[in-house]
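The block underneath contains the structure these notes are about, expressed in structure tokens.
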Amino acid sequence: MIDFLKRPEELFLRYVPNMRAGDWLVGPLEHEKSIPISRKNFYVSRRVYRPNLDDEEFAMDTCYHFIVGRLEGEYYRIDREVLDIEFDLFMHRSLSFERSTFVAERNISIFRSLHTFGIHELWIGGTHPDALPREAFEELLRKFPNSYELDRYAAARVGSIIRNHLPITRDSEGEYRKYMTRKESRVGSQPRFSFSHYESEKYSDLVGKIEAMLANADSYTEPQWQVEILQVLQFLFPKYVKAFREAPVRDTLAGKDRSIDFLLVDASGFVDGIEIKKPFAECVVTKNLYRDNHVPMRELSGTVMQLEKYLFHLNRWGQQGERTLNKRYAAELPDGLQIRIVNPGGMIILGRDRDWTPEQRTDFEVIRRKYRHVLEIMTYDDLLRRLKVIHEQFRLLDSQSNDS
């Protein structure tokens with residue numbers, strides 16, 4: 096049996112030999128430098144042996160005490176030779192010390208298994224700035240593979256080989272995946288900090304901003320409107336880290352430069368285009384029917400054609416375009432980010448849909464899906480609905496976190 100004793104300045108490992116094994120440590124402690132116990136998970140010696148330690152619990156039994164840690168401040172410095180480890184280990188005095196703290200199932204040494212990670216110093220628990228939090232350490236202990244998991248893994252590895260040659264019906268790989276999925280869902284940790292309150296407030300402000308802009312759209316010039324809406328879109332699509340207004344696009348067919356409303360650059364440097372139009376109610380689909388359909392109005396068709404041509408010219412411009420744009424915007428790009436042109440997509444935002452009939456909404460969705468592989472088409476009411484849904488979701492998460 097192995098357990099641990101905390102004393103004011105020291106941590107002791109207490110070892111009670113198996114009765115059938117007898118008092119086998121007497122001789123080795125006299126002559127050997129290092130003696131493995133508990134299936135080679137701990138290595139003891141005369142250097143750490145304390146034969147006269149007062150221990151009332153085992154006063155009448157054969158019991159050995161070995162010092163495995165000395166208190167330094169709030170942490171026990173664990174003896175490296177006892178655990179046979181190559182790094183300095185400091186464990187907070189408030190931790191629970193048991194055999195399972197050091198040894199996993201099938202006698203796997205937990206701390207020796209960390210050698211491959213190149214650790215030189217490990218602090219566990221307490222307030223040390225570099226310490227592994229107690230909760231994270233306990234999660235590590237829980238997630239160490241148990242015997243059942245190792246058996247499943249071994250069966251999955253064997254099954255994956257022989258099922259290619261023999262007609263076996265048992266899906267050991269599937270059983271292993273299902274087990275690991277259930278295990279992760281049982282012990283998955285909760286986030287230590289929730290941003291839902293701040294996100295809820297942020298999206299509430301964005302909803303208010305869009306509603307106020309739509310109520311006073313006539314007071315904005317087109318450039319002012321575009322800049323304001325672009326800021327909102329960058330919240331909704333945070334992958335874009337930069338937007339360049341009226342960026343040049345070389346029309347190699349006509350031999351001249353054209354200007355796209357905004358060239359968006361994502362965090363990897365890939366570009367997309369966006370066209371932002373001030374909102375007008377009658378600019379998306381017709382109220383009247385043409386052959387029993389609500390068809391795109393000229394404003395929508397023209398904007399789609401315009402943006403598609405910009406994207407076409409961007410693609411044709413290729414590497415020459417990348418060099419030109421990188422040179423032009425070098426001072427405005429984040430360090431290390433290079434503009435890249437690879438099948439750019441586009442986004443169009445225009446018009447209102449608040450007064451549409453169900454048939455108009457359906458026909459607009461048909462139109463939108465037709466272009467979805469290249470363009471995202473969005474009305475201002477659609478933008479507002481998206482912001483409201485996100486705000487409501489964060490509001491609910493904030494409410495749940497406060498209740499808990």
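Residue 96 is where the sequence shown starts when you use our numbering, and the numbers rise one by one after that. Where is the CB? At the ideal position from N, CA and C, for every residue including glycine.
Taken through DSSP and simplified to helix, strand or coil, residue 312 comes out as helix.
The segment 421-439 makes contact with the segment 350-367; the number of CB pairs closer than 8 Å reaches 3 or more.
In this structure, residue 191 sits away from residue 489, with a CB-CB distance that is not shorter than 8 Å. Scanning its chain for C-beta atoms nearer than 7 Å, with the 5 sequence neighbours on each side dropped, one finds no residue around residue 168.
Comparing alpha-carbon positions, the option among 209, 268 and 220 lying closest to residue 239 turns out to be 209. For residue 400, the enclosing alpha helix (DSSP H) has its first and last residue at 393-424. With contacts defined by Cβ atoms closer than 8 Å, residue 165 and residue 127 do not form a contacting pair. Counting the other Cβ atoms within 10 Å of the Cβ of residue 199 gives 16 or more, which makes it buried. Taking 3 residues as the shortest admissible run, the segment 186-234 contains the following complete beta strand (DSSP E) segments, listed from N- to C-terminal end: 216-219. Between the segment 476-489 and the segment 294-313 there are three or more C-beta pairs closer than 8 Å, enough to call the two in contact. Taken atom to atom, the span from the alpha-carbon of residue 482 to that of residue 442 is near 17 Å. Between the C-alpha atoms of residue 476 and residue 330 there is a straight-line separation of about 17 Å.
As a beta-bridge residue in DSSP terms, residue 160 pairs with 109.
With a cutoff of 8 Å on beta-carbon distance, residue 340 and residue 412 are scored as not near each other. Distance from the Cα of residue 187 is smallest, within the candidate group 177, 211, 217 and 180, for 217.
Put simply, of 176, 327 and 234 the residue whose alpha carbon is nearest the alpha carbon of residue 143 is 176. In this structure, the CA atom of residue 189 is about 16 Å from the CA atom of residue 236. Per DSSP, reduced to three states, the secondary structure at residue 343 is strand.
In chain order, 138, 139, 140 and 176 place their CB closer than 8 Å to the CB of residue 129, counting only its own chain and leaving out the 5 sequence neighbours on each side. By the C-beta criterion, the segment 313-323 is judged to be in contact with the segment 370-386, since at least 3 inter-stretch pairs fall below 8 Å. For residue 125, the enclosing alpha helix (DSSP H) has its first and last residue at 121-126. Annotation: the continuous alpha helix (DSSP H) that includes residue 324 extends over 317-331.
In this chain, residue 471 is not harboured by any alpha helix (DSSP H); it is covered by the beta strand (DSSP E) spanning 470-473.
The beta-carbon distance between residue 157 and residue 118, rounded to whole angstroms, is 5 Å. This is short enough to meet the 8 Å contact definition.
Residue 167 carries a strand assignment under DSSP once its states are collapsed to helix, strand and coil. In the DSSP assignment, residue 463 falls within the unbroken alpha helix (DSSP H) covering 453-466. Under the three-state reduction of DSSP output, residue 307 falls in the helix class.
In this chain, the beta strand (DSSP E) harbouring residue 100 covers 97-101.
Assigned with DSSP and collapsed to three states, residue 137 falls in strand.
The secondary-structure analysis by DSSP pairs residue 446 with nothing; it has no beta-bridge partner. Taking a cut-off of 8 Å for Cβ pairs, the segment 445-458 and the segment 389-400 touch, as three or more such pairs fall below it.
Under DSSP, no beta-bridge partner is assigned to residue 295. Contact check for residue 197 against residue 205 passes: the beta carbons are separated by less than 8 Å.
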